[in-house]
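There are 2 protein chains.
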Amino acid sequence: MRNIKLTIAYDGPDFSGWQKQLNAPTIQGELEKVLSTITNAPVTLNGAGRTDAGVHALGMVANFKSNSSISLSRLHAGANSMLPAAIRILSIEQAHPDFHARFTSLSKSYSYTVATGAIQSPIGRLYAVHVAQFLSLSAMRQCLKIITGTHDFASFEASGSRDKTIRTGRGSVRSLYSAILTESGPDRLQFQFTGDGFLRHMVRNIVGTILEVGKEKRTVTEFITILDAKDRSKACATAPAHGLFLEEINYPQQGDISL
Amino acid sequence: MRNIKLTIAYDGPDFSGWQKQLNAPTIQGELEKVLSTITNAPVTLNGAGRTDAGVHALGMVANFKSNSSISLSRLHAGANSMLPAAIRILSIEQAHPDFHARFTSLSKSYSYTVATGAIQSPIGRLYAVHVAQFLSLSAMRQCLKIITGTHDFASFEASGSRDKTIRTGRGSVRSLYSAILTESGPDRLQFQFTGDGFLRHMVRNIVGTILEVGKEKRTVTEFITILDAKDRSKACATAPAHGLFLEEINYPQQGDISL
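Chains A and B supply the protein sequences, listed in that same order.
Per my numbering, residue 179 is the first one in the first sequence, and the count goes up by one each step.
Per my numbering, residue 179 is the first one in the second sequence, and the count goes up by one each step.
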């Protein structure tokens, strides 16, 4: 039985998120349907994480076990020919038998794009959130410095959505290895986050609150108070889904996996 | 009475092209509806040209005459707040009384983007056409060199669509001031065309035929034969609309207009 690893890109708006649902199109659902058809056996994917409705991915990873003898190149070409154009398997490879897209991962990287300037161009509006007001880069960068490292991010976890299946003993404590803000183009800012794991809505809640600091509606001191409160009700509104990209999932080199 | 000049960007797929139609949403139709409401008088726009259904624009220009006394900044903000997000007026200014978006223009620039590589990323697929096969850049650049300059482009004019309203004495003769192909990113090619005018489907027909030369299904010599034939039936299929962007319309400096 082979353990097959997929790297997947998708355009968020057409789907009700990653996770399979009975009555709504999801990325997991579309992939499992196609892979089951081609391998002629039920396929259950382990995704590295879940993305919400509308969130995009450039490098989601998932794996599944299969007894099918189809070549990986035929499986790859066949699946892409059957998938909607908004989902593409970028690569497909045979993984270590114990590889698990979620449990083997070392870190994940997300980006969040903000279009600035008075008027947002219609082109690209589906992949960036528009903020017309002045944004203080230095204030936002102070916030990013504050959250870098290991913290209890309860204030930035979606309320009422605690997912016990991925909960370890660490509660809402997570480590952000890096959190930066770059001017990625004319009238364009990009937040980039890499961490060992992310709570539900964590990136969008952090960005939503940091943008309020950027607009000078909140101070950096208030941002610290919000983080320290460990209380979702203290933070600001969740930033919209369509600015968010799952960039990549990072794994140990194949030979280094200690399982 | 003021002569008001608009520069407009739009995302093509939501509309049945630029030109107003009775029973389909068009960019001209949406703009005229909103501008008529705000100025409280019927507005008829002169567009610099027409784009087909699905074609994008970064810098379309149009003008209209108005007796309204509303400030241009209020007109601008009001119109953008009422327009669909897929259309944005980028700038609005008072023009010379004789300025006409179509007749005053000196040249127009279009781009056409091709995504190469084995698999097209779902992100950006709405703004580039995917070609998985090998493309010979040098052969395609030879074709571009051949069409640069003044030629009868009848072979690349949409059949049966001759638009007599914009026909001057020059028939299907047009001047391409520049026609280049750049590698605009990883797995990404961009054609750029600037000329005094473009026949209906001219850019898409040129790109469709040049891509066949790039794939080595046609030779450069055959391309010359196609151009010389002045017969649409000799050229290859029209390239899809969603790779095409109207980039900008070029005018004389305001003081230089000789009208």
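Even for Gly, the Cβ is constructed at its ideal location relative to N, Cα and C.
As the structure is a computational prediction, the values presented were derived from the model and not from experiment.
- Partner residues in the beta bridge of Ser353 of chain B, as assigned by DSSP, are B:Thr328.
- The alpha-carbon separation between Ser269 of chain B and Leu184 of chain B amounts to approximately 6 Å.
- For Met260 of chain A, the number of other beta carbons within 10 angstroms of its own is below 16, and it is reported as exposed.
- A direct Cα-to-Cα measurement between Asp192 of chain A and Gly232 of chain A gives close to 7 Å.
- DSSP, read as helix, strand or coil, puts Lys395 of chain B in coil.
- Ser285 of chain A is positioned such that its CB atom lies closer than 7 Å to that of Asp374 of chain A.
- Excluding sequence positions up to five before and after Thr328 of chain A, its CB lies within less than 6 Å of the CB of Ser353, all in the same chain and listed in chain order.
- Runs of the beta strand (DSSP E) spanning 3 or more residues and lying entirely within the region 237 to 322 of chain B occur at 265 to 273 and 285 to 293, in chain order.
- Put simply, the CB of Pro418 of chain B is far from chain A, with every gap to its CB atoms at 7 Å or more.
- The continuous alpha helix (DSSP H) containing Thr215 of chain B extends over residues Ile205 to Thr217.
- Shown here, Thr416 of chain A sits in coil according to DSSP, grouped into three states, outside any helix or strand.
- Of B:Asn201, B:Arg252, B:Asn218 and B:Phe376, the smallest CA-CA separation from Phe334 of chain B is found for B:Phe376.
- Secondary structure note for Leu367 of chain B: its beta strand (DSSP E) is the uninterrupted segment Arg366 to Gly373.
- Annotated as distal: Val292 of chain A and Pro418 of chain A, with beta-carbon spacing of 7 Å or more.
- By the CB criterion at 7 Å, Leu367 of chain A and Leu322 of chain A fall outside the cutoff.
- Short of 7 Å from the beta carbon of Gln197 of chain A, and not among the five residues preceding or following it, lie these beta carbons of its own chain, in chain order: Thr204, Gln206 and Arg228.
- Secondary structure at Thr185 of chain B: strand, using DSSP grouped into helix, strand and coil.
- The beta carbon of Thr215 of chain A lies closer than 8 Å to those of Met260 in the same chain, with the five residues before and after it left out.
- If you draw a 10 Å sphere on the C-beta of Asp409 of chain A, you find fewer than 16 other C-beta atoms in it, and that means exposed.
- Under DSSP, Ala235 of chain B forms a beta bridge with B:Tyr188 and B:Leu424.
- Looking at the DSSP output, Thr360 of chain A shares a beta bridge with A:Gln368.
- Taking a Cβ-Cβ threshold of 9 Å, none of the residues of chain B is close to Tyr288 of chain A; the smallest such distance is about 14 Å.
- Annotated as proximal: Leu313 of chain A and Gly392 of chain A, with beta-carbon spacing under 7 Å.
- If you compare the alpha carbons of A:Asp365, A:Phe369 and A:Ala336 with that of Met318 of chain A, the shortest gap goes to A:Phe369.
- For the pair Pro300 of chain A and Ala240 of chain A, the Cα-to-Cα distance works out to about 33 Å.
- For Ser194 of chain B, the closest Cβ of chain A is not nearer than 7 Å.
- Put simply, the CB of Tyr355 of chain B is far from chain A, with every gap to its CB atoms at 7 Å or more.
- Counting only the Cα atoms, Thr403 of chain B lies some 43 Å from Pro364 of chain A.
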